[in-house]
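J.: Here it is, the structure in full.
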Amino acid sequence: MSAASASTSRLGPGVVAYGPYVVLVLASIFTIMTVAPTPAKTAQLVLLGAAIAWMLLAYTLRPAGRRSVRAMAVFVTVLLAIFTSLVFFAPWYGVLAVAGYIYSFAVVPWPWRLLSVSVCAVLAGTAQASAVPKNTVAGLLVYAAVVALNVVALCLFAWIYWRAGVQSEQRRVALEENERLREQVVSQAREAGIQAERQRMAGELHDTVAQGLVGIVTQLEAAAQVPPDSSDHARHLDAATRLARSSLVEARRTMLALDPDASSRVSLAKALESAVDEWAGMHSVRADYTATGSERALSDDAEHALLRVVQESLSNVAKHAGASRVGVTLTYLDDRVLVDVRDDGIGFDPGSGIERDPLEGGYGLSAMRNRIRQLGGLVEIESEPGRGTALSVALPVDPTDQTLTEVPHQAGEGSAHDV
């Protein structure tokens, strides 16, 4: 936005467009009605008509010329020259300074505006001091004082007006910059959300499709190693079929989670029980499930994360532990929910790095830890070679609670090692 257009906007388009014409038309009517018919009156009316014609041709009908500083300088200079000529005929024409003020503030840039405002102030002062005799020193001093007062006052007002315009422009630029930064932040947040969703979906694909395919391949490989007419062969094929169906259900459940239907949801306790039963039937391993405490409402993300933790843990037990018995416990406390997965398998040294997900580039325990920690929870693993493994997870019931710093254990359980 140019300085001229900004000033016009602040004055008001109607004031700039019609105000000067109103002043000159009123002056013309007053001249016609009060001045006796003389050559001087004719000259005054000609000058008034010339001023109106000049405003019409140089400003009103030439909107493109208003963007030219030089064209507007010529326009205001000629107009003030006409006004000055009229003041020489009669001092009361100093009222035409009002039109000069309007155009000075509307189209003359700073600091040249001070010059045009000063000329208008002299014209206004001349009109105000028209009754002061100028043939004496005292009269001249009074006239000079009136003119000087007008010049100082109007120039001060012009400076205040200009300064307000500068500050207004600075605020406008600042608001535009803030809007740009806001859009940038929104864009970055959107990108971060997309990236987080990609990571979440990668984890979901690992937990459903990848884990299911691994189990199916394992069962098919086992079936290939026994006689086709044996009961073991049929059992492995049946397990592969059930696993494929279960994986399909999980894949559909993952897709539905993008737009969940609350009416079709099951409780976390039921979902964990179903997952444990399916795993036990598939791997022919005894798996005990226990839920204690009063069931508490959790967020969809929290319930989903706990279900995935149990599924991932059971998958790791099947692949690595060689366990004959597994126990899964869901415990509701006042301020948190605990999930424990224990097995009597071969165990490992938690400090050796063996617990790393065996699938290259997989999203196993690493994704498990990240998923829980993002929800303010904690994952801990306790294990010793030959003595099985215990995995404990704690999530706050209220997502606004502070991040947990300790997983509480029930009586009889050993301390856990922070993963």
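Numbering (our numbering) for the sequence shown: 1 to 419. Every residue, glycine too, gets a C-beta built ideally from N, C-alpha and C. As the structure is a computational prediction, the values presented were derived from the model and not from experiment.
For Leu47, I'd like the list of residues in its chain whose CB is within less than 7 Å of its CB, leaving aside the five on either flank, ordered along the chain.
T.: Once the five neighbours on either side are set aside, the close Cβ partners of Leu47 are Ile82, Ser85, Leu86.
J.: Which of helix, strand or coil does DSSP assign to Val339?
T.: Note: Val339 maps to strand in three-state DSSP.
J.: I'd like to check one pair, Gly377 with Leu391: are the Cβ atoms closer than 8 Å?
T.: Their beta carbons are not under 8 Å apart, which means Leu391 does not touch Gly377 by this criterion.
J.: Decide yes or no for the touch test of the region 286-294 against the region 325-339: beta carbon pairs closer than 8 Å, at least 3 of them.
T.: Result yes; three or more Cβ-Cβ pairs closer than 8 Å.
J.: Alpha carbon to alpha carbon, how far is Ala106 from Thr77? Give it in angstroms, no decimals.
T.: Approximately 14 Å, taken between the alpha carbons.
J.: Could you tell me the alpha carbon to alpha carbon distance between Val186 and Arg198, rounded to whole angstroms?
T.: Distance between the alpha carbons of Val186 and Arg198: 18 Å.
J.: To the nearest angstrom, how far is the alpha carbon of Pro39 from that of Ile29?
T.: So the two alpha carbons sit approximately 17 Å from each other.
J.: If you run the structure through DSSP and keep just helix, strand and coil, what is Gly386?
T.: Of the three classes helix, strand and coil, the one that applies to Gly386 here is coil, per DSSP.
J.: Judging by CA-CA distance, which residue of Thr331, Thr329, Asp344 is the nearest neighbour of His320?
T.: Here the closest residue by C-alpha is Asp344.
J.: May I have the straight-line CA-CA distance separating Ile381 from Thr389, to the nearest angstrom?
T.: So the two alpha carbons sit approximately 7 Å from each other.
J.: Could you check which residue in Ala148, Arg172, Ala240 has the C-alpha nearest to that of Cys120?
T.: When each option's Cα is compared against that of Cys120, the closest is Ala148.
J.: Among residues of its own chain, excluding the 5 on either side of Ala240, which ones have a beta-carbon nearer than 6 Å to its beta-carbon?
T.: Same-chain partners within the cutoff: Ile216, Gln219, Leu220.
J.: With which residues is Arg286 paired in a DSSP beta bridge?
T.: DSSP lists Arg325 as partners of Arg286.
J.: Using a threshold of 8 Å, state whether the C-beta atoms of Leu298 and Leu268 are closer than that.
T.: Yes, the Cβ-Cβ distance between Leu298 and Leu268 is below 8 Å.
J.: Going by C-alpha distance, which of Gln44, Ala43, Ile102, Gly65 is nearest Gly14?
T.: The shortest C-alpha separation from Gly14 is found at Ile102.
J.: Name, in chain order, the residues that DSSP records as bridge partners for Ile32.
T.: DSSP lists no partner for Ile32.
J.: Rounding to the nearest angstrom, what Cα-Cα distance links Glu312 and His206 in this structure?
T.: Going by the C-alpha atoms only, they are around 9 Å apart.
J.: DSSP on Val226, reduced to helix/strand/coil?
T.: Val226: coil per DSSP, three-state reduction.
J.: Are Leu375 and Val341 closer than 8 Å when you measure CB to CB?
T.: Cβ distance not < 8 Å, so Leu375 and Val341 don't count as in contact.
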